[in-house]
Amino acid sequence: MANFTTHIAVGTVVSGALATLTLAADVVAPENLVAVTLAGVLGSVLPDIDLKDSRASKSMFAGLGIFFSFAALFNAATKFSIAELWILWLGTLVVVRYGLHYFFHKTSVHRGIWHSLLAGVFTSVATAIVFHYVLHRPEGVAWLAAGFMMTGYVTHLVLDEVYSVDVMDTRIKASFGTALKLFDRRYPWASLAMTAATAAAIMVSPPTKMFVDGVSTHGLWSGLQQRLLPSDKWFGVIAAHRSAAGASQTAAPELTTGSIAKPQN
């Protein structure tokens, strides 16, 4: 399978390409674009969370530990003394970072259910929930982040499958078929639990109407088509060869194709 560096590099390139399209379409504010792009990069390494000693797993649980420890601290800020708050903060950090990490890896196997499209759907819906209800982003932005997460997740799975084929030795490794799968047939109970978790996440997820309406507008896609190639010169230096129909067009339009509502100030 591909290593962490390869996954993060390819994931960054793919997420960057999507971010470029999103920026050209002007569908979200720049500050939201950074966050949704990071969701895509995170998705490109997230399947390896089930590998105990992987950097993805350690970083993920460290991040969760920091998040929940500060959430507990802020929630109890007016209820306890400073000494008690220190104990609460540190205790939550240790329990999540090491306790939850230990329990998770005692009950999971590498390239199990987390290396599946079902897990990708779950993490994508969970991303939409976090963006909308925790980070208070608009529904359209939340589902855009979910789309970036799913793209990064699938990129990881595909890359692992590609690395399962030894091109130089013209053979297929034993790991082929264990990364990109709909669900894990080897562990039906894990697949059932992930299905239940996904269904529960979908039930509490934000509405998708704003996102669907935004990305399905004709103006968005026609605007992207017009901006795909330069109308005159590449970077203002190299002449661009366009068709007769394209040559009659004026300069690229301004960023006015936005269709996902932005938060109001």
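Residues in the sequence shown are numbered consecutively from 186, following our numbering.
Ideal Cβ positions, reconstructed from N, Cα and C, are used throughout, including at glycine.
The structure displayed is predicted, hence computed values, not measured ones.
Continuous alpha helix (DSSP H) stretch holding residue i: start and end
{"i": "Pro373", "result": "373-389"}
{"i": "Ile298", "result": "Premise fails: Ile298 is in no alpha helix (DSSP H) and is neither H nor E."}
{"i": "Phe252", "result": "240-260"}
{"i": "Tyr318", "result": "Element bounds for Tyr318: n/a, residue is neither H nor E."}
{"i": "Pro215", "result": "215-228"}
{"i": "Val294", "result": "Careful: Val294 lies outside any alpha helix (DSSP H) and carries neither H nor E."}
{"i": "Tyr348", "result": "Unbroken run through Tyr348: none, as it is neither H nor E."}
{"i": "Lys366", "result": "No alpha helix (DSSP H) contains Lys366, which DSSP labels as neither H nor E."}
{"i": "Gly196", "result": "189-210"}
{"i": "Asp398", "result": "394-400"}
{"i": "Leu270", "result": "267-279"}
{"i": "Leu405", "result": "403-412"}
Own chain, CB closer than 8 Å to residue i, minus 5 neighbours either side, in chain order
{"i": "Val294", "result": "Asp235, Tyr372"}
{"i": "Leu249", "result": "Val281, Arg282, Leu285"}
{"i": "Ala247", "result": "Arg282"}
{"i": "Val279", "result": "Gly250"}
{"i": "Leu270", "result": "Leu258, Ala261, Ala262"}
Closest by C-alpha distance to residue i, when choosing among the options
{"i": "Gly196", "options": "Ala381, Gly408, Ala378, Met334", "result": "Met334"}
{"i": "Gly337", "options": "Asp233, Leu208, Ala214", "result": "Asp233"}
{"i": "Val397", "options": "Gly325, Val347, Ala382, Gly404", "result": "Gly325"}
{"i": "Ala331", "options": "His341, His321, Val315, Val319", "result": "Val315"}
{"i": "His403", "options": "Ser200, Ala210, Ala204", "result": "Ala210"}
{"i": "Asp345", "options": "Ser242, Thr308, Val230, Ser200", "result": "Val230"}
{"i": "Val306", "options": "Leu409, Gln411, Phe368, Val319", "result": "Phe368"}
{"i": "Leu258", "options": "Leu405, Leu273, Val422", "result": "Leu273"}
{"i": "Val226", "options": "Phe289, His290, Met395, Ala194", "result": "Ala194"}
{"i": "Thr207", "options": "Val400, Phe265, His317, Ala381", "result": "Val400"}
{"i": "Val212", "options": "Gly408, Thr292, Leu414", "result": "Gly408"}
{"i": "Arg322", "options": "Ala202, Asn217, Asp238, Leu203", "result": "Asn217"}
{"i": "Met395", "options": "Ser244, Ala256, His317", "result": "His317"}
{"i": "Ala384", "options": "Gln410, Tyr348, Leu275, Ala304", "result": "Ala304"}
{"i": "Ser200", "options": "Gln410, His341, Ser242", "result": "His341"}
{"i": "Lys243", "options": "Tyr287, Leu275, Val319, Met379", "result": "Tyr287"}
{"i": "Ala202", "options": "Phe420, Thr222, Met379", "result": "Thr222"}
{"i": "Gly297", "options": "Phe265, Met379, Phe420", "result": "Met379"}
Neighbour-count burial assignment, residue i, 16 or more Cβ in a 10 Å radius
{"i": "Ser376", "result": "buried"}
{"i": "Val310", "result": "buried"}
{"i": "Asp351", "result": "Unreliable positioning characterises Asp351 in this predicted model, as indicated by a pLDDT of 48, which lies under 50. A coordinate reading is not provided."}
{"i": "Arg370", "result": "exposed"}
{"i": "Val219", "result": "exposed"}
{"i": "Ala463", "result": "Past the boundaries of the shown model lies residue 463; the chain is included only from 186 to 450, so the question cannot be answered."}
{"i": "Val422", "result": "exposed"}
{"i": "Ile267", "result": "exposed"}
{"i": "Trp299", "result": "buried"}
{"i": "Glu405", "result": "It should be pointed out that residue 405 corresponds to Leu in this sequence rather than to Glu. The residue is buried, with at least 16 neighbouring Cβ atoms inside 10 Å."}
{"i": "Ala429", "result": "Any answer about Ala429 is weak, because its pLDDT of 44 lies below 50 and its placement is not dependable; what the coordinates show is given next. The residue is exposed, with fewer than 16 neighbouring Cβ atoms inside 10 Å."}
{"i": "Ala204", "result": "buried"}
{"i": "Thr355", "result": "Reliability fails at Thr355, whose pLDDT of 48 lies under 50, so the model's placement of it is uncertain and the value that follows must be treated cautiously. Burial call: exposed."}
Same chain, Cβ closer than 7 Å to residue i, neighbours up to 5 away in sequence not counted
{"i": "Arg240", "result": "Phe189"}
{"i": "Val343", "result": "Leu365"}
{"i": "Thr393", "result": "Trp328"}
{"i": "Phe253", "result": "Thr277, Val281"}
{"i": "Ser390", "result": "Val310, Ala313, Ile314"}
{"i": "Ala224", "result": "Thr312, Ala330, Phe333, Met334"}
{"i": "Met353", "result": "Here Met353 scores only 44 on pLDDT, less than 50, and its place in the model should not be relied on; the value that follows carries that caveat. Once the five neighbours on either side are set aside, Met353 has no close Cβ partner at all."}
{"i": "Ala382", "result": "Phe307"}
{"i": "Lys237", "result": "His290"}
Any chain E beta carbon closer than 8 Å to residue i
{"i": "Phe259", "result": "This model lacks chain E altogether, as it is built from one protein chain only."}
Own chain partners of residue i with C-beta closer than 6 Å, once the 5 adjacent residues on each side are dropped
{"i": "Ile387", "result": "Val310"}
{"i": "Gly228", "result": "Met334, Gly337, Tyr338"}
{"i": "Leu302", "result": "Leu367"}
{"i": "His152", "result": "It is not possible to answer for residue 152, since the shown part of the chain is limited to 186 through 450."}
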